[in-house]
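Remarks on the structure that follows.
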Amino acid sequence: MSGEEKGGAAEERTPNEPEAASPADPETAPEPPRADAPGDPGADSGSRSRTVLREILESSTLVVIMAIVASLAIGGLLIVFADEDVREAATYFFSRPADTFQAMGDALGGAYSAMFSGAVLNFNANDFSGVIKPFTQTLTQATPLIFAGLGLGIGFRAGLFNIGAQGQLLIGATLGAYVGFAWHLPWGIHLLVAIVGCALGGAIWGFIPGFLKARTGAHEVIVTIMLNYIALNLVAWLLTLDAFQREGSDNPITPIVDETAQYPLLLGSDFNLHWGFVLALACAAGVWWLMERSTLGFEFRAVGANPHAARTAGMNVTKAYILVMVIAGALAGLAGSAPVLGTEKVLTTATAGSLGFDAITVALLGRSRPLGTVMAAILFGGLRASGPTLQVQAGLPVDIVFVIQALIVLFIAAPPLVRSIFRLPAPAHEKEVAA
Amino acid sequence: MSTTAVETSSAAAGAEAPRTKSWKSTIGLGVVALLSLLFFGFGTPTGVQTTFTIARSSDFIELPSVTVPSRAAAVGLSIVALLLVAWVAYRANQYRKVGIWLPIVFGMAIMGALLTWAGADRSTTTIQLTGLLTSALFLAVPLVFGSLAGTLCERSGIINIAIEGQLLAGAFLAALVASAVGNAYVGLIAAPIAGALVGWLLAVFSTRYWVNQIVVGVVLNLLVLGLTSFFFSTVMSDNPNLNQPLNMPDIAIPVLSSIPVIGPVLFDQNLLVYIMYAVVVIIQIMLFRSRWGLRMRSVGEHPKAADTVGIKVNRTRVRNTVLGGAIAGLGGAFFTVASGLAFGKDMSAGKGYIALAAMILGRWSPKGALAAALLFGFADALQQQLGVIGSPIPSQFLLMLPYLATIFAVAGLVGHSRPPAAEGIPYKK
Numbered sequence: 001m002s003g004e005e006k007g008g009a010a011e012e013r014t015p016n017e018p019e020a021a022s023p024a025d026p027e028t029a030p031e032p033p034r035a036d037a038p039g040d041p042g043a044d045s046g047s048r049s050r051t052v053l054r055e056i057l058e059s060s061t062l063v064v065i066m067a068i069v070a071s072l073a074i075g076g077l078l079i080v081f082a083d084e085d086v087r088e089a090a091t092y093f094f095s096r097p098a099d100t101f102q103a104m105g106d107a108l109g110g111a112y113s114a115m116f117s118g119a120v121l122n123f124n125a126n127d128f129s130g131v132i133k134p135f136t137q138t139l140t141q142a143t144p145l146i147f148a149g150l151g152l153g154i155g156f157r158a159g160l161f162n163i164g165a166q167g168q169l170l171i172g173a174t175l176g177a178y179v180g181f182a183w184h185l186p187w188g189i190h191l192l193v194a195i196v197g198c199a200l201g202g203a204i205w206g207f208i209p210g211f212l213k214a215r216t217g218a219h220e221v222i223v224t225i226m227l228n229y230i231a232l233n234l235v236a237w238l239l240t241l242d243a244f245q246r247e248g249s250d251n252p253i254t255p256i257v258d259e260t261a262q263y264p265l266l267l268g269s270d271f272n273l274h275w276g277f278v279l280a281l282a283c284a285a286g287v288w289w290l291m292e293r294s295t296l297g298f299e300f301r302a303v304g305a306n307p308h309a310a311r312t313a314g315m316n317v318t319k320a321y322i323l324v325m326v327i328a329g330a331l332a333g334l335a336g337s338a339p340v341l342g343t344e345k346v347l348t349t350a351t352a353g354s355l356g357f358d359a360i361t362v363a364l365l366g367r368s369r370p371l372g373t374v375m376a377a378i379l380f381g382g383l384r385a386s387g388p389t390l391q392v393q394a395g396l397p398v399d400i401v402f403v404i405q406a407l408i409v410l411f412i413a414a415p416p417l418v419r420s421i422f423r424l425p426a427p428a429h430e431k432e433v434a435a
Numbered sequence: 436m437s438t439t440a441v442e443t444s445s446a447a448a449g450a451e452a453p454r455t456k457s458w459k460s461t462i463g464l465g466v467v468a469l470l471s472l473l474f475f476g477f478g479t480p481t482g483v484q485t486t487f488t489i490a491r492s493s494d495f496i497e498l499p500s501v502t503v504p505s506r507a508a509a510v511g512l513s514i515v516a517l518l519l520v521a522w523v524a525y526r527a528n529q530y531r532k533v534g535i536w537l538p539i540v541f542g543m544a545i546m547g548a549l550l551t552w553a554g555a556d557r558s559t560t561t562i563q564l565t566g567l568l569t570s571a572l573f574l575a576v577p578l579v580f581g582s583l584a585g586t587l588c589e590r591s592g593i594i595n596i597a598i599e600g601q602l603l604a605g606a607f608l609a610a611l612v613a614s615a616v617g618n619a620y621v622g623l624i625a626a627p628i629a630g631a632l633v634g635w636l637l638a639v640f641s642t643r644y645w646v647n648q649i650v651v652g653v654v655l656n657l658l659v660l661g662l663t664s665f666f667f668s669t670v671m672s673d674n675p676n677l678n679q680p681l682n683m684p685d686i687a688i689p690v691l692s693s694i695p696v697i698g699p700v701l702f703d704q705n706l707l708v709y710i711m712y713a714v715v716v717i718i719q720i721m722l723f724r725s726r727w728g729l730r731m732r733s734v735g736e737h738p739k740a741a742d743t744v745g746i747k748v749n750r751t752r753v754r755n756t757v758l759g760g761a762i763a764g765l766g767g768a769f770f771t772v773a774s775g776l777a778f779g780k781d782m783s784a785g786k787g788y789i790a791l792a793a794m795i796l797g798r799w800s801p802k803g804a805l806a807a808a809l810l811f812g813f814a815d816a817l818q819q820q821l822g823v824i825g826s827p828i829p830s831q832f833l834l835m836l837p838y839l840a841t842i843f844a845v846a847g848l849v850g851h852s853r854p855p856a857a858e859g860i861p862y863k864k
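Chains as they are written, first to last, in this note's numbering: chain Y, 1 to 435; chain H, 436 to 864.
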């Protein structure tokens, strides 16, 4: 791109003084029309390649990629800063600076190669299955994130900010796990009933904020946050009951769910990847159909875009709020099936981990679209899958993964920030991100 | 953004119809009071007694223990709660609302009934009233600071979900700096800086980049959790001397601290608690009686009007959010230096969200936030004490109380809570 172009665009999008932010029009973002905008007839004659280049530079995909690059770079800084060897070498930086850079390179190289071999392909393995195992781990980790991310995405597009995936997931997992270990049903039916149990549990927990929002106007953010903690305490209490504990044990852990209620493994016993992943992809397709092709999905989107207009057009906004929350809750509940029926096969208070909150970042990164959510879930699943390798090979705590994850979402949420860092031109019409 | 439209619509609906009789509070509180009467009142066997120990052995004036007939006391307290419900009904009939004091007194009556019921017929153990109140106050410290931070931010129009992150950041930096210097009090200076930094990020992303404030808040919480855990597992575990348990001694205020009950509870605490008293009083006065407070509230209620008279909306918001972050950060010092503990992963453990709840229950005012935070602190202390004397109520249910109370509050079952009108909406000229 040409020099004058990049500077001007970046400067205009990120004014130093907040007050000077938007020059003229409050509605269509602060970008004034520019002479060389694409599609402008006054722009230079038929410079097709330049237009294409501009389109690439303005695309939100590039922003996403750059956000990931920036986050990995900041993550790298942290890794370097926390590395013992680097700090040691830095003490004699001025006599032998090369040592410091050497140590920095070692620390970074070690960390990122560990990430790669933990999440994508492991070339040190002896056979083919060993080489691709990390990637199947990534997909396994992505499974609950896809489910929950899809549900949250529906909520965001309908204008509901559901922070409660954590609680919905936990209640779903509880119901599913209970069906799994307490009922003994024939093969096939058992799994089906357990999956329905997960969805039902989540749906119930999603119904509460939806109902309260629709009936009393209670803000769903507050209600869902509070319900997360109520769910956690409820499950902690349930796990003290004999009905939920293993026989002869007082530990807060349930028995292992019956084999008939577990997801079958997808690629044989060498891999942890289970059919839950396929179900998650099917749900993604289903959500796509729901939101893009069905009347109900159109109503959801209309309510999200403008509830007043939707009401005027004769849509039942109250019903839409409740339905959205029930569907989102059911999907979050299904996310709970991934640990209890797939990987861990037991229920503890730690079953939900940070899945519910990670799913928020997944939905935001995926821009609430099913395909985007699946891709984002695989990316974050990869980050999670690389945790153990990072710990063992590079001696880094898994927390660095969560830092990178949070940074990615923070950057994605503020495209102008990313554009100004990388000096990218701003598009003529900036789409609103993150609901 | 679409959620804002929904918020404004619900807020507008609340403002347009003040003359409708709302029976939601009456019904909500009434059900709780009746349940209390049934379970705690009539659930207590007749002819047994509950003993409350008031004095501690170290006290200047030793008050005798108070023993009350359990059933009569529990029934009496439940009836007090029912009378309060009757007052709510009376006011509702006159289209009037009740003050913040009502849900607070109501909560205390129910808690008292619960305490009497739990302590009934236990000859060996007694309810340690002073100890209970002392730990209630102490446990409420991070909640008070957190909810004050939330009040400042939300009054100026920025939703602060990041209280949790600000508390955690404060706890982390307080431990780090205090350990490096070797003085716990230095931690009290470092903690607000960490919180202010998180608040600044929140403010910048919300005012300059117009990112949804709830998104930023949630993500900042995750970021701070990740960062502090990362440094805890690397830098701090490599250098244990950077994370020591340092203690801040209790300072007994002469004369005042020898008043029975009140003395040891209020005036024999450490410096952070005294700072908390000052901060609550200052913010309560400044928010409603000063130019600064008026401007902040105007920016949060009607930014356009504020801008018209020359108030810099976004600058006001950034400043107050940073200040709020600093206050929450100071509250974070509670977890480490003020409790005499070293930093640990995810120390704040959801206290930031309870602080948010206290802010809502306190209806966005400092004194309300203080009262709600004390109530939640009391529930927490009660849960610990009931764990000691062995109560039939599972502790998890007591831990749920703050969250349940908040859901009731936002659903309008416990009075009416209305957030600042322009909260969460970025101001674009």
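Beta carbons are placed, not taken as given, at the ideal position from N, Cα and C, and that holds for glycine.
Query raised in the report: How long is the line joining the alpha carbons of H:Pro855 and Y:Gly153, rounded to whole angstroms?
Result: The count along the second sequence starts at 1 and reaches residue 855 of chain H at position 420. The count along the first sequence starts at 1 and reaches residue 153 of chain Y at position 153. So the alpha carbons of these two residues sit roughly 27 Å apart.
Report task. Can you give me, in chain order, the residues of the region 350-367 of chain Y that have a beta carbon less than 9 Å from any beta carbon in chain H? Result -> Ser354, Phe357, Asp358, Ile360, Thr361, Leu364
Requested in this report: Report the rounded CA-to-CA distance for Y:Ala328 versus H:Val690, giving the unit in angstroms.
Outcome: On the first sequence, residue 328 of chain Y is found 328 positions in, with the first residue counted as 1. On the second sequence, residue 690 of chain H is found 255 positions in, with the first residue counted as 1. Using only the alpha carbons, I get a separation of about 59 Å.
Query raised in the report: Would the beta-carbon of Y:Phe402 fall within 8 Å of that of H:Leu660?
Result: Along the first sequence, read from residue 1 onward, the residue named residue 402 of chain Y stands at position 402. Along the second sequence, read from residue 1 onward, the residue named residue 660 of chain H stands at position 225. A contact, by the Cβ cut-off of 8 Å.
Query raised in the report: Are any of the Cβ atoms in chain H nearer than 8 Å to that of Y:Ala426?
Result: On the first sequence, residue 426 of chain Y is found 426 positions in, with the first residue counted as 1. So, not an interface residue.
Query raised in the report: Is the CB-CB distance between H:Arg590 and H:Trp727 below 8 Å?
Result: Within the second sequence, residue 590 of chain H is the residue found at index 155, counting from 1. Within the second sequence, residue 727 of chain H is the residue found at index 292, counting from 1. No, these two residues do not count as a Cβ contact at 8 Å.
Query raised in the report: Near H:Leu655, which residues of its chain fall below 7 Å by C-beta distance, leaving aside the five closest residues on each side in sequence?
Result: Locating residue 655 of chain H in the second sequence gives position 220, where the first residue counts as 1. Correct list, in chain order: Ala597, Gly600, Val633, Leu636, Leu637.
**Report entry** Residue of H:Ala761, H:Thr486, H:Phe487, H:Val540 minimising C-alpha distance to H:Leu512
**Finding:** By one-based count along the second sequence, residue 512 of chain H stands at place 77. Per the Cα distances, H:Val540.
Query raised in the report: Considering H:Pro504, what are the terminal residues of the beta strand (DSSP E) in which it resides?
Result: The residue you call residue 504 of chain H lines up with position 69 of the second sequence. Segment 501-504, the beta strand (DSSP E) holding H:Pro504.
Query raised in the report: Cα separation between Y:Thr138 and H:Val716?
Result: Mapped onto the first sequence, residue 138 of chain Y falls at position 138. Mapped onto the second sequence, residue 716 of chain H falls at position 281. Their Cα atoms are separated by approximately 53 Å.
Query raised in the report: Within this structure, are the beta carbons of H:Gln904 and H:Gly859 separated by less than 8 Å?
Result: The structure shown does not extend to residue 904 of chain H, since chain H is modelled only from 436 to 864, so the question has no answer here.
Query raised in the report: Between which two residues does the beta strand (DSSP E) harbouring H:Gln484 extend?
Result: For the purposes of this step, residue 484 of chain H is identified with residue 49 of the second sequence, where counting begins at 1. Per DSSP, H:Gln484 belongs to the beta strand (DSSP E) from 484-488.
**Report entry** Listed by chain order, chain H residues near Y:Ala82 by CB distance under 8 Å
**Finding:** Residue 82 of chain Y sits at position 82 when you count from the first residue of the first sequence. Simply Phe665, Phe666, Thr669, Val670.
Query raised in the report: Interface residues of chain Y around H:Phe832 at Cβ under 8 Å?
Result: As a position in the second sequence, residue 832 of chain H is number 397, starting the count at 1. Per Cβ cutoff of 8 Å: Asn233, Trp237.
Report task. List the residues of chain H that Y:His184 touches, going by C-beta distances under 9 Å, in chain order. Result -> For the purposes of this step, residue 184 of chain Y is taken as the residue at position 184 of the first sequence. Simply none; closest approach about 29 Å.
**Report entry** Local conformation of H:Gln704 per DSSP, three classes
**Finding:** For the purposes of this step, residue 704 of chain H is taken as the residue at position 269 of the second sequence. Strand, per DSSP.
Query raised in the report: Cα-Cα, which of Y:Ile222, Y:Cys198, Y:Leu410 is closest to Y:Thr361?
Result: Translated into positions along the first sequence, residue 361 of chain Y becomes position 361. Cα-wise, what sits closest to Y:Thr361 is Y:Leu410.
Requested in this report: Give, in chain order, every residue of the region 639-655 of chain H whose Cβ lies closer than 9 Å to some Cβ of chain Y.
Outcome: Val639, Phe640, Thr642, Arg643, Tyr644, Trp645, Val646, Asn647, Ile649, Val650, Val651, Val653, Val654, Leu655
Query raised in the report: How would you list, in chain order, the residues of chain H whose beta-carbon sits under 7 Å from the beta-carbon of Y:Met226?
Result: Numbered from 1 along the first sequence, position 226 holds the residue referred to as residue 226 of chain Y. The answer, in chain order, is Ala792, Tyr838, Thr841, Ile842.
Query raised in the report: Can you find a CB in chain Y that lies within less than 8 Å of the CB of H:Ala606?
Result: Residue numbering aside, residue 606 of chain H sits at position 171 when the second sequence is read from its first letter. Chain Y, which has no Cβ nearer than 8 Å to the Cβ of H:Ala606, makes this no.
**Report entry** Assumed close pair Y:Ala82, H:Phe811 - CB separation to whole angstroms, cut-off 8 Å
**Finding:** Mapped onto the first sequence, residue 82 of chain Y falls at position 82. Mapped onto the second sequence, residue 811 of chain H falls at position 376. Incorrect: roughly 36 Å between the Cβ atoms, too far for contact.
Query raised in the report: Any Cβ of chain Y within less than 8 Å of the Cβ of H:Met782?
Result: Taking the second sequence and counting its residues from 1, the one referred to as residue 782 of chain H is at position 347. It does not; no Cβ of chain Y falls within 8 Å.
Query raised in the report: Within this structure, are the beta carbons of Y:His451 and Y:Leu265 separated by less than 8 Å?
Result: The first residue shown for chain Y is 1 and the last is 435, placing residue 451 of chain Y beyond what the model contains.
Report task. Check the DSSP bridge columns for Y:Phe168 and list the partner residues they point to. Result -> Counting from one through the first sequence, the residue named residue 168 of chain Y turns up at place 168. Reading the sequence as shown, one finds Gln at residue 168 of chain Y and not Phe. Per DSSP, none; premise fails for Y:Gln168.
Requested in this report: Could you please give the first and the last residue of the uninterrupted alpha helix (DSSP H) stretch that includes Y:Gly159?
Outcome: In the first sequence, residue 159 of chain Y corresponds to position 159, counting from 1. Run containing Y:Gly159: none; DSSP gives neither H nor E here.
Query - As assigned by DSSP and simplified to three states, the class of H:Ala687 - result: Taking the second sequence and counting its residues from 1, the one referred to as residue 687 of chain H is at position 252. Three-state result, H:Ala687: strand.
Query raised in the report: Using 8 Å as the limit for Cβ to Cβ distance, is H:Arg853 near chain Y?
Result: For the purposes of this step, residue 853 of chain H is identified with residue 418 of the second sequence, where counting begins at 1. Closer than 8 Å: no.
Report task. Would you tell me roughly how many angstroms separate the C-alpha atoms of Y:Leu72 and H:Val651, rounded to the nearest one? Result -> Residue 72 of chain Y sits at position 72 when you count from the first residue of the first sequence. Residue 651 of chain H sits at position 216 when you count from the first residue of the second sequence. Cα-Cα distance, rounded: 19 Å.
Query raised in the report: Are any of the Cβ atoms in chain H nearer than 8 Å to that of Y:Ile421?
Result: Here residue 421 of chain Y corresponds to residue number 421 of the first sequence, with the count starting at 1. Closer than 8 Å: no.
Query - Within-8 Å CB hit, H:Ile593 to chain Y - result: Along the second sequence, one-based indexing puts residue 593 of chain H at 158. For H:Ile593, the answer is no, since every Cβ of chain Y falls outside 8 Å of its Cβ.
Query - Among H:Thr743, H:Gly735, H:Leu765, the one whose alpha carbon lies nearest that of H:Thr751 - result: Taking the first residue of the second sequence as 1, we reach residue 751 of chain H at position 316. Answer by Cα proximity: H:Gly735.
Query raised in the report: Nearest chain H C-beta to Y:Thr28 closer than 8 Å, yes or no?
Result: Here the question's residue 28 of chain Y lines up with position 28 in the first sequence. In this prediction, Y:Thr28 scores a pLDDT of 38, lower than 50, which makes its location untrustworthy; no coordinate-derived value is stated.
Requested in this report: Kindly confirm or deny that the region 346-359 of chain Y and the region 165-183 of chain Y touch, where touching means at least three C-beta pairs closer than 8 Å.
Outcome: yes
Query raised in the report: Is there at least one Cβ from chain Y nearer than 8 Å to H:Ala575's Cβ?
Result: Here the question's residue 575 of chain H lines up with position 140 in the second sequence. Output row for H:Ala575: interface = no.
Query raised in the report: Which residues of chain H have a Cβ atom closer than 9 Å to the Cβ of Y:His274, listed in chain order?
Result: Within the first sequence, residue 274 of chain Y is the residue found at index 274, counting from 1. Within 9 Å Cβ-Cβ: nothing; Y:His274 doesn't reach chain H, min ~27 Å.
Query - Amino acids of chain H, ordered along the chain, whose beta-carbon sits closer than 7 Å to that of Y:Pro416 - result: Locating residue 416 of chain Y in the first sequence gives position 416, counting from the first residue. Result: Tyr644.
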